[in-house]
Amino acid sequence: MNILKIAAFSDGERGGNPAGVVIQPSLPSDSEMQGIAAELGFSETVFAMPQGQGWQVRYFSPEAEVPFCGHATIALGAALAMHYGNGDFPLQLNQASISVSGHYQAGQLSAALQSPPTHSKPAPAALLQEVLALFGLNPAQLSPTLPPALIHAGADHLLLAVQERATLSAMRYSLEAGRDLMRRAGLTTILLLWAENRQRFHSRNAFAGGGVYEDPATGAATAALAGYLRDIGWEHGGHIEVIQGEDMGQRSCLYATIPAEKGSSIRVSGSARLMEPAH
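Residue 264 in the numbering used here sits at position 8 of the sequence shown, with consecutive numbering throughout.
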């Protein structure tokens, strides 16, 4: 079995979020896919097989299957471009139909995904209180212009926007307590966010539910964030940039294009870099 290692949303030849990519004529069993994801230890590994004119796709973290993963989709788009040429690739997920475009030229990789539909709603008070306690935060540290919310673009995330960049750098939490909270609440990640300006954001993503302390680039959360900004009437100008992974030494750059139609798909794009292939 050939397993590609591709870092998605890379900052040139560094940074990005590593993903395992497995493209085969048929998918391995659930237990085999879970075992491969656990052995690789990346936040996600994506598995794809041909299906009609597109691809059937599933995503696994080291501890559980996830419904949608943005950075692994970018990695898959890059891999498909390497193997089949530049173009658009329809993807059938467990719960949604999306697409990814991949581009490979002169050794440079990039990709763009179209997310599932988005929606958002205010975070329940009890859940917010529990999450604040998990991170040792108080309500006064939160942004008054970006209220806490449950956000969705193929997977569920909780958004906490803070007033100071230093609060992101100081992020700490218990992995065990976070895993319990996020699994009970059905959260894929908890997104901590700081707005540098109206179109440039810095983020950190706790991914304890998948057995990972922190994700260096989270395309699904960026798509959900873009949908949330549209929902609250934020002056985003049709696109945003998210810088993630800086505080863990894996600077990643994510770009989202935001159409006007509420709830519609978000286009998330970025560069990718091929890491050493594994078998």
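Think of the CB as a built atom: it goes at the ideal place given N, C-alpha and C, for glycine as much as any other residue.
Contact set for residue i: own chain, Cβ-Cβ below 6 Å, skip 5 residues either direction
i	result
Ala498	Note that residue 498 corresponds to Val in the displayed sequence, not to Ala. Cβ neighbours of Val498 beyond the five flanking positions: Phe457, Ser459, Thr478, Leu510.
Met289	Phe303, Phe316
Ala294	Pro318
Leu481	none
Arg486	Ile514
Ala417	Ser399, Leu402, Leu449
Met257	none
Tyr360	Ala337, Met338
Alpha-carbon to alpha-carbon, residue j and residue i
i	j	result
Ala335	Thr329	10 Å
Asn453	Gly519	23 Å
Ala534	Arg507	Residue placement at Ala534 is flagged as unreliable, the pLDDT there being 44, under the threshold of 50; a coordinate-derived value is accordingly withheld.
Asp503	Glu269	18 Å
Ala451	Leu424	11 Å
Ile354	Leu384	31 Å
Leu415	Ala367	25 Å
Ile262	Arg435	26 Å
Gly271	Ser525	15 Å
Phe391	Gln280	41 Å
The ligand ATP heavy atom lying under 6 Å from the CB of residue i
i	result
His413	Ligands displayed in this structure: none; no statement on the ligand ATP is therefore possible.
Residue(s) in a DSSP beta bridge with residue i
i	result
Lys261	Gly276
Residue closest to residue i, alpha-carbon to alpha-carbon, out of the options
i	options	result
His327	Pro472, Thr513, His495	Pro472
Pro274	Ala411, Ile407, Leu388, Glu300	Glu300
Ala441	Ser425, Glu532, Val387, Glu470	Val387
Ala405	Ser376, Glu432, Asn394	Ser376
Arg523	Gly465, Leu443, His339, Ser357	Ser357
Phe324	Gln348, Val278, Asn461, Gln397	Gln348
Arg428	Ala389, Pro284, Arg439	Ala389
Val322	Ser521, Gly465, Gly489, Leu260	Gly465
Contact set for residue i: own chain, Cβ-Cβ below 8 Å, skip 5 residues either direction
i	result
Gly493	Arg454, Gln455
Contacts around residue i, its chain only, beta-carbon distance under 7 Å, and the 5 residues preceding and following it disregarded
i	result
Gly297	Pro318
4-residue-minimum alpha helix (DSSP H) runs that sit fully inside the stretch 310-357, ordered along the chain: 326-340
Scan the stretch 403-468 and note each continuous beta strand (DSSP E) run of 3 residues or more that stays entirely inside, going in chain order. 405-408, 412-417, 445-451, 456-463
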